[in-house]
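Novice: Pasting a structure below so you can have a look.
If you want it as structure tokens, here you go:
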């Protein structure tokens, strides 16, 4: 399996998480100081505590996704290892955060790291876990959110991009773009999700789920090449660009060496 990862995007977001976390500590510390040193300054103290809390939540959001080991993209790559060289896994380099392209079709993979019992009812995924879950939501980990909205947005964005950049017969052959909701925490328990619109699985069951969904569909090697190009992934073009960049560097070094000799 080939893996394409936007490392710059990950590094940038990890940095945002670190800086937001540090800023939160400083601002909250200032708020606590004012609370005891200047109790009459209620307004500024309240503002500092609110800003500090918001910064802490921003830090938690970015850190959980792009800095906390093991990173989500690395967990997913490991879980899908062995799928075959015809498959390409994209991390943060397409309209979907995680996208798998292979002979069995195109799969949007939405990941969640939350723990607890997971159910689906009345059009929503829900997370259950009692008082401890409430504590984690407030101080260390955001809730499950709305995976349904994320799935819908990412699937539609991928479909739109492929529809605009593929021949009609290729687009018809790959339809539909499928989605899977994946939970990475070993303490997550998938309970009643029978009514969920997309498969909802733990990460260790993901590879088998993809194999089941891929049955009956077989995209050709040429179709896969065109799909990858439609996603902006052209290995040949990248190799040429890298080769050109290396040639330029080598040429510059030679020129510098000649100038040095002349001196």
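In our numbering, the protein residues as written are 580 to 842. For glycine and all other residues, C-beta sits at the position ideal for the given N, C-alpha and C.
#1: Could you tell me if residue 590 is buried or exposed, where buried requires 16 or more neighbouring beta carbons within 10 angstroms of its beta carbon?
#2: Across which residues does DSSP place residue 706 in a beta bridge pair?
#3: How do the segment 739-755 and the segment 775-782 stand: do at least 3 beta-carbon pairs fall below 8 Å, yes or no?
#4: Taking just the CA atoms, how far does residue 676 sit from residue 756?
#5: What is the rounded straight-line gap between the Cα of residue 635 and the Cα of residue 599?
#6: Cutting at 8 Å between CB atoms, please list the residues of its own chain near residue 813, excluding the five before and the five after it.
#7: Have a look at residue 738 and residue 809 and give me their C-alpha separation to the nearest angstrom.
#8: Can you give me the Cβ contacts of residue 610 inside the same chain, cut-off strictly under 7 Å, excluding the 5 residues immediately before and after it?
#9: Tell me which same chain residues have a C-beta within less than 8 Å of the C-beta of residue 798, skipping the five on either side of it?
#10: Any idea which residues DSSP pairs residue 769 with across the strands?
#11: Got a sec? Which residues, its chain only, sit under 8 Å from residue 793 by beta carbon, not counting five neighbours each side?
#12: With three or more C-beta pairs closer than 8 Å as the rule, is the segment 664-672 touching the segment 720-728?
#13: Are there 16 or more other CB atoms within 10 angstroms of the CB of residue 616, so buried, or fewer, so exposed?
#14: In chain order, what residues of the same chain have a beta carbon less than 8 Å from the beta carbon of residue 583, not counting five sequence neighbours either side?
#15: What residue from 706, 696, 656 and 618 has the CA that sits closest to residue 688's CA?
#16: Take residue 780 and list the residues in its own chain whose beta-carbon comes closer than 8 Å to its own, dropping the five residues that flank it on each side.
#17: So, for residue 602: in the same chain, excluding its five sequence neighbours on each side, which residues have a beta-carbon less than 7 Å away from its beta-carbon?
#18: Starting from residue 761, trace the beta strand (DSSP E) in both directions and tell me its first and last residue.
#19: On the DSSP bridge list, what partners appear for residue 686?
#20: What is the rounded straight-line gap between the Cα of residue 800 and the Cα of residue 664?
#21: State the DSSP-derived secondary structure class of residue 597, mapped to helix, strand or coil.
#22: How should residue 725 be labelled, buried or exposed, when 16 other C-beta atoms within 10 angstroms of its C-beta is the threshold for buried?
#23: Do you know offhand how far residue 736's Cα is from residue 697's?
#24: I believe residue 764 touches residue 694 by the beta-carbon criterion, under 8 Å. Please report the beta-carbon distance rounded to the nearest angstrom.
#25: List the residues that DSSP assigns as beta-bridge partners of residue 781.
Specialist: Short version:
#1: exposed
#2: 697
#3: no
#4: 14 Å
#5: 7 Å
#6: 807
#7: 11 Å
#8: 624, 627, 628 and 631
#9: 681, 682, 683, 684, 752, 753 and 806
#10: 697
#11: 681, 682, 683 and 684
#12: no
#13: exposed
#14: 667, 668, 669, 670, 672 and 812
#15: 656
#16: 759, 760, 761, 762, 769 and 788
#17: 634
#18: 757-762
#19: 679 and 757
#20: 11 Å
#21: helix
#22: exposed
#23: 27 Å
#24: 4 Å
#25: 762
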